[in-house]
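Residue numbers (UniProt numbering): 1 to 164.
Here is the structure we will look at.
Quick look at the structure:
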């Protein structure tokens, strides 16, 4: 591994639980027909399985955040840290309460700021289900009980609190 941290360590890796002692995590089952694009994104329960937030979903369906398992990588053992693609089947860990590092796709996060999830009008860098720090009309939903805990780093990695 030839990574060097030249200026500042990253705020974290999307999907990592940042404060283990305050986390409530439970197992759920993936739905192979609805794969997650990455770790550290919100999901919902549908037909007894944990699936990504989809276009048009309401804030009331948000169930938890997909936890990045450790120590694993994605399907290809050579995937760099933070880029792993979640499996499409099997058991997954879901953060129901706690602190997690996520990827902020839009807006400027700040301590205590509201967390939004994109549910319409996907664009480059703003996928459906992506986390954002700014409301975008009916294109985003405010996640009840989710706030930003810092301003994040230059790569958009930021800590959020969920159901604390």
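Using N, Cα and C, we set each Cβ at its ideal position, and we do this for glycine too.
query: If you compare alpha carbons, which of 142, 110, 90 is closest to residue 60?
result: Counting from 1 along the chain shown, the entry for residue 60 is found at position 60. It is 142.
query: Once you ignore the five residues that flank residue 107 on each side, which residues in its own chain have a CB closer than 6 Å to its CB?
result: Position 107 of the chain shown holds residue 107. Cβ neighbours of residue 107 beyond the five flanking positions: 132, 133, 134.
- request: Please specify which runs of the beta strand (DSSP E), each continuous and at least 3 residues long, are wholly inside the stretch 24-55, giving them in chain order.
  value: 24-29, 42-46, 49-52
message: So, at 6 Å on beta carbons, what are the nonlocal neighbours of residue 128 in its own chain, with the 5 sequence-adjacent residues on each side left out?
response: Along the chain shown, one-based indexing puts residue 128 at 128. The residues are 55, 118, 122.
task: Tell me whether residue 145 sits in a helix, a strand or coil according to DSSP, three-state version.
output: As a working mapping, residue 145 is identified with position 145 in the chain shown. Residue state, collapsed to three classes: strand.
query: Going by Cα to Cα distance, which pick from 45, 24, 25, 27 is closest to residue 34?
result: Position 34 of the chain shown holds residue 34. If we check each option's Cα against that of residue 34, 45 comes out closest.
message: Taking DSSP's pairing of strands, which residues face residue 65 in a bridge?
response: Translated into positions along the chain shown, residue 65 becomes position 65. Answer is 42, 95.
- request: Kindly indicate which three-state DSSP category residue 157 falls into: helix, strand or coil?
  value: To locate residue 157, count along the chain shown from 1; it is residue 157. Reduced to three states, the DSSP call for residue 157 is strand.
query: Residues in its own chain within less than 8 Å of residue 47 by CB, not counting five upstream and five downstream?
result: Taking the chain shown and counting its residues from 1, one reaches residue 47 at position 47. Within the same chain, residue 47 has close Cβ partners 31.
field: Under 8 Å between C-beta atoms of residue 138 and residue 11
entry: Here residue 138 refers to the residue found at position 138 of the chain shown. Here residue 11 refers to the residue found at position 11 of the chain shown. No; because the gap between Cβ atoms is not below 8 Å, this pair is not in contact.
For residue 103, the residue or residues it bridges with in DSSP: As a first step, residue 103 must be located in the chain shown, where it is residue number 103. In DSSP, residue 103 forms a bridge with 157.
- request: Could you tell me the distance, in whole angstroms, from the CA atom of residue 7 to the CA atom of residue 164?
  value: Position 7 of the chain shown, counting from 1, holds the residue named residue 7. Position 164 of the chain shown, counting from 1, holds the residue named residue 164. Distance between the alpha carbons of residue 7 and residue 164 is about 32 Å.
field: Residue nearest to residue 153 in terms of C-alpha spacing, selected from 124, 99, 103, 147
entry: For this step, residue 153 is matched to residue 153 along the chain shown. The residue with the shortest Cα to Cα distance from residue 153 is 103.
task: Check residue 123 in the structure and name its three-state DSSP category.
output: As a position in the chain shown, residue 123 is number 123, starting the count at 1. Reduced to three states, the DSSP call for residue 123 is strand.
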